[in-house]
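Worksheet for the structure shown next.
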Amino acid sequence: MSAPALLRYRFPARAEALATMRHALQDALRARSVSETEITRLVLAVDEASSNIIRHAYRDCTPGEIELTVTRARGSLRFRLRDFAPPVDSRCVRPRNLDECRPGGLGINLIDDIMDLWRLRALRRRCGNVLVMFKRLGARSGRGKRDR
Amino acid sequence: MERGIAESREGDWLVLSVSGEVDLSWSQTLRAAVLKALQSATALAVRLDQVAYIDSSGIAALVEGFQQARSRNQPFILLAPSPNVRAVLELARLDRVFQIREQLD
Numbered sequence: 036m037s038a039p040a041l042l043r044y045r046f047p048a049r050a051e052a053l054a055t056m057r058h059a060l061q062d063a064l065r066a067r068s069v070s071e072t073e074i075t076r077l078v079l080a081v082d083e084a085s086s087n088i089i090r091h092a093y094r095d096c097t098p099g100e101i102e103l104t105v106t107r108a109r110g111s112l113r114f115r116l117r118d119f120a121p122p123v124d125s126r127c128v129r130p131r132n133l134d135e136c137r138p139g140g141l142g143i144n145l146i147d148d149i150m151d152l153w154r155l156r157a158l159r160r161r162c163g164n165v166l167v168m169f170k171r172l173g174a175r176s177g178r179g180k181r182d183r
Numbered sequence: 004m005e006r007g008i009a010e011s012r013e014g015d016w017l018v019l020s021v022s023g024e025v026d027l028s029w030s031q032t033l034r035a036a037v038l039k040a041l042q043s044a045t046a047l048a049v050r051l052d053q054v055a056y057i058d059s060s061g062i063a064a065l066v067e068g069f070q071q072a073r074s075r076n077q078p079f080i081l082l083a084p085s086p087n088v089r090a091v092l093e094l095a096r097l098d099r100v101f102q103i104r105e106q107l108d
């Protein structure tokens, strides 16, 4: 049986909807006594992932919705973002070289740094993609990485 | 906290005081304000102590301003970044790129 959700939140894939999502996520994590430092970082990672969905996954189609589900199991938080956009080639989703000083493209680096592990897969039979990110509570820094 | 950008002058510096949450829905407004300010400023300071949240698109707006200022030899600094802004700058390793000050001299 899967763990009960700390938060299930469905929101339009529009930039204007991100603030409300962040606040809902903050409230859910505060209710579970996650530290403020950790909340700040986790909200940033989820926001970056959502922004990428809005900017890239829904780029060539009518923006749909995003479902965020947060669960907790065995000392880790699991963040699942499901979209209904055309399939994304996960091989194209990678961090950039931070030694280059240029605007843009930092989102995956931030997610990499904050989360312990993440994986992205396209849903072949149904429309959409699923990004799942894991964070062990109390662990200082992610630098974990993508699950191949 | 209300979103906004206020402009003021302190000596040679044009100061943009940013407040609120800077995310994908608003980062283009910040970008436009920074690039416009650089057109008329001798030196530009972006005050960030009232920024409750910033994402990578907001950071990108600041990087673009920094690059434009550097190409014109204009001083460009970040002023008093809030803890949340500083944390994102550090995560992106940009705290070593930007000139960051707690106050204007």
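First to last, the sequence lines map onto chains A and B. Take 36 as the starting number for the first sequence in my numbering and just add one per residue. Take 4 as the starting number for the second sequence in my numbering and just add one per residue. The C-beta atom is built at its ideal place from N, Cα and C for all residues, glycine as well.
Going along the chain, which residues of the region 53 to 76 of chain A sit with their C-beta nearer than 8 Å to a C-beta in chain B?
L53, A54, R57, T75 and R76
Going by C-alpha to C-alpha distance, which of B:A46, B:W29, B:L33 and B:F69 sits closest to G14 (chain B)?
B:A46
Going by DSSP in three states, G110 (chain A) sits in which element: helix, strand or coil?
coil
Between I88 (chain A) and chain B, is there a C-beta pair that is closer than 8 Å?
no
Straight-line Cα distance separating S37 (chain A) from R34 (chain B)
44 Å
Quick check on R45 (chain A): buried or exposed, where buried means 16 or more other Cβ atoms within 10 Å of its Cβ?
exposed
Hey, would you say L81 (chain B) sits closer than 8 Å to I62 (chain B), going by beta carbons?
It is not a contact, given that the beta carbons lie outside the stated cut-off.
Check each residue of the region 20 to 31 of chain B: if its Cβ is closer than 7 Å to any Cβ of chain A, include it; give the result in chain order.
Result list: E24, D26, L27 and S28.
Buried or exposed by the 16-neighbour rule on C-beta atoms within 10 Å, applied to K39 (chain B):
With fewer than 16 other Cβ atoms within 10 Å, it is exposed.
Please check if any C-beta of chain B sits within less than 8 Å of the C-beta of D124 (chain A).
no
Local Cβ density within 10 Å of D134 (chain A), reported as buried at 16 or more and exposed below that
exposed
Return the first residue and the last residue of the beta strand (DSSP E) that I103 (chain B) is part of.
Q102 to R104
Could one say the Cβ of S142 (chain A) lies closer than 8 Å to chain B's Cβ atoms, at least one of them?
Here the sequence assigns Gly to residue 142 (chain A), which means Ser is not the residue at that position. For G142 (chain A), the answer is yes, since a Cβ of chain B falls inside 8 Å of its Cβ.
With a threshold of 8 Å between beta-carbons, can C136 (chain A) be considered close to chain B, or not?
Yes, because at least one Cβ of chain B sits closer than 8 Å to the Cβ of C136 (chain A).
Chain B within 8 Å of D118 (chain A), Cβ atoms only:
no
What separation, rounded to the nearest whole angstrom, lies between the Cα atoms of Q70 (chain B) and L77 (chain A)?
29 Å
Consult DSSP for Q70 (chain B) and reduce its assignment to one of helix, strand or coil.
Looking at Q70 (chain B) - three-state DSSP - the assignment turns out to be helix.
Check whether chain A comes within 8 Å of E67 (chain B), counting only Cβ atoms and requiring the distance to be less than that.
yes
Spatial neighbours of S85 (chain B) within its chain, please: CB distance less than 8 Å, with the 5 preceding and 5 following residues excluded, ordered by chain position.
L51, D52, Q53, V54 and A55
My output table needs one value for G7 (chain B): the three-state DSSP class, helix, strand or coil.
strand
According to DSSP, which residues form a beta bridge with G23 (chain B)?
B:V54
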